[in-house]
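Data first, discussion second: the structure below is written as structure tokens.
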Amino acid sequence: MGKPEEPLVNETTEAITDHRPEDRAASTGHMPGDGDSYDNIEPLFAELAALAPEDPRRRAVREQIVRRCLPLAEHIARRFAGRGEAFDDLLQISRLGLVQAVDRFDEARGSSFLSFAIPTIMGEVRRHFRDHTWAVRVPRGTKELHLRIGPATETLYQRLGRMPTAREIAAELDADLTDVTRALIAGNAHTSNSLDATGDDQDDDTSPPAVLARLGGEDPCYRLLEDAMTLRPLIAQLPQRERQILVWRYFANMTQVQIAERLDISQMQVSRILAKTLRTLREQALAEPEDAGSITTAA
Numbered sequence: 001m002g003k004p005e006e007p008l009v010n011e012t013t014e015a016i017t018d019h020r021p022e023d024r025a026a027s028t029g030h031m032p033g034d035g036d037s038y039d040n041i042e043p044l045f046a047e048l049a050a051l052a053p054e055d056p057r058r059r060a061v062r063e064q065i066v067r068r069c070l071p072l073a074e075h076i077a078r079r080f081a082g083r084g085e086a087f088d089d090l091l092q093i094s095r096l097g098l099v100q101a102v103d104r105f106d107e108a109r110g111s112s113f114l115s116f117a118i119p120t121i122m123g124e125v126r127r128h129f130r131d132h133t134w135a136v137r138v139p140r141g142t143k144e145l146h147l148r149i150g151p152a153t154e155t156l157y158q159r160l161g162r163m164p165t166a167r168e169i170a171a172e173l174d175a176d177l178t179d180v181t182r183a184l185i186a187g188n189a190h191t192s193n194s195l196d197a198t199g200d201d202q203d204d205d206t207s208p209p210a211v212l213a214r215l216g217g218e219d220p221c222y223r224l225l226e227d228a229m230t231l232r233p234l235i236a237q238l239p240q241r242e243r244q245i246l247v248w249r250y251f252a253n254m255t256q257v258q259i260a261e262r263l264d265i266s267q268m269q270v271s272r273i274l275a276k277t278l279r280t281l282r283e284q285a286l287a288e289p290e291d292a293g294s295i296t297t298a299a
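Here full-length UniProt numbering is used: position 186 in the sequence shown is 186, and no number is missing along the way.
Written as structure tokens, this is what we have:
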């Protein structure tokens with residue numbers, strides 16, 4: 001039996017620590033403007049899977065995959081920039097999340113690497129923020145449960161080939177569904193740009209397109225909200241318009257543009273109404289019965 005693979009810590013970590021655009025062009029053959037180097041990456045994973053564990057070519061193929069996907073890690077890191085953490089730190093965390101995604105991805109399941117890598121990388125970045133600050137005051141038990149949800153979600157994703165529901169996560173952790181729902185909502189207590197956002201902190205035409213716009217990926221919140229039992233009575237108390245917009249967006253899968261057209265308002269108004277409504281629901285769901293109304297914004 002061959003010697004177990006060593007994680008990409010030496011050559012690859014050194015490469016991603018000092019990876020400049022010109023280096024990326026030289027190592028991948030993708031020059032600026034040629035498109036994203038991580039497009040059509042799955043054949044490399046098939047090649048990797050076909051190699052024996054002791055084959056010396058495995059390290060080279062794995063390093064090639066990581067190098068080609070570095071722009072994805074940078075894109076995600078930029079989405080979280082400007083929130084009190086140095087961009088270089090966020091970039092390193094994002095790149096480490098990328099390496100983890102490469103090591104954990106199972107191409108035999110037939111799903112795309114990007115659909116697995118994006119939540120994995122974002123999970124690492126969000127975990128970093130969870131360890132440093134929360135936008136609202138959250139009970140300790142909820143924080144601890146949320147830390148367990150990340151690994152459980154990755155395990156279930158590999159097993160099911162899709163994002164798990166809140167009910168499935170609760171069953172995996174042998175936890176109460178209400179507690180899991182609270183923890184999932186608490187995870188959104190960190191402010192972050194949506195992957196729907198375009199631009200790269202620049203005002204020119206060189207900014208990359210939004211990642212989810214290229215993927216057309218399903219928002220996992222659809223499934224999570226569907227199973228969020230604790231939110232149902234809170235949703236029922238919402239004003240008619242806010243409740244209708246929430247239902248259209250997360251249960252009828254309508255886009256913000258479609259909702260805006262139906263209500264004859266702007267897409268920006270829809271976005272603001274949704275943000276305010278979700279923030280209200282989150283604060284109400286996080287409030288402990290004996291502590292209701294005491295949620296405060298962290299300084």
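All C-beta atoms, glycine included, are put in the ideal place defined by N, C-alpha and C.
The structure displayed is predicted, hence computed values, not measured ones.
query: Cβ neighbour criterion (16 or more within 10 Å) applied to Gly161; result: exposed
query: Expected contact under 8 Å - CB spacing of Val99 and Val66 to nearest Å; result: 6 Å
query: 8 Å Cβ shell around Phe105 - same chain, five flanking residues per side excluded; result: Phe45, Phe113, Phe116, Ala117
query: Whether residue 333 touches Leu156 by CB criterion (8 Å); result: Since the first residue of the chain shown is 1 and the last is 299, residue 333 is not available in this structure.
query: Simplified DSSP assignment, three categories, for Gly161; result: coil
query: Straight-line Cα distance separating Leu234 from Gln284; result: 8 Å
query: Residues near Leu91 by beta carbon distance below 8 Å, same chain, minus five either side; result: Ala73, Glu74, Ala77
query: Environment of Val270 [buried if 16+ CB atoms lie within 10 Å]; result: buried
query: Cβ neighbour criterion (16 or more within 10 Å) applied to Ala26; result: For Ala26, the predicted model reports a pLDDT of 40, less than 50, meaning its position is unreliable; a value from the coordinates is still stated below. With fewer than 16 other Cβ atoms within 10 Å, it is exposed.
query: Nearest-angstrom Cβ-Cβ length linking Ile93 and Glu124, presumed shorter than 8 Å; result: 6 Å
query: Helix, strand or coil at Asp204 [DSSP, three-state]; result: Caution applies to Asp204, whose pLDDT of 46 falls short of 50 and renders its modelled position unreliable; the model cannot decide the point.
query: Backbone secondary structure at Ser94 - three-state DSSP; result: helix
query: Close-in-space but distant-in-sequence residues of the same chain around Ala260 (CB under 8 Å, 5 per side omitted); result: Ser266, Gln267, Gln269, Val270
query: Simplified DSSP assignment, three categories, for Ala73; result: helix
query: Inter-residue spacing [alpha-carbon to alpha-carbon] between Tyr250 and Leu70; result: 32 Å
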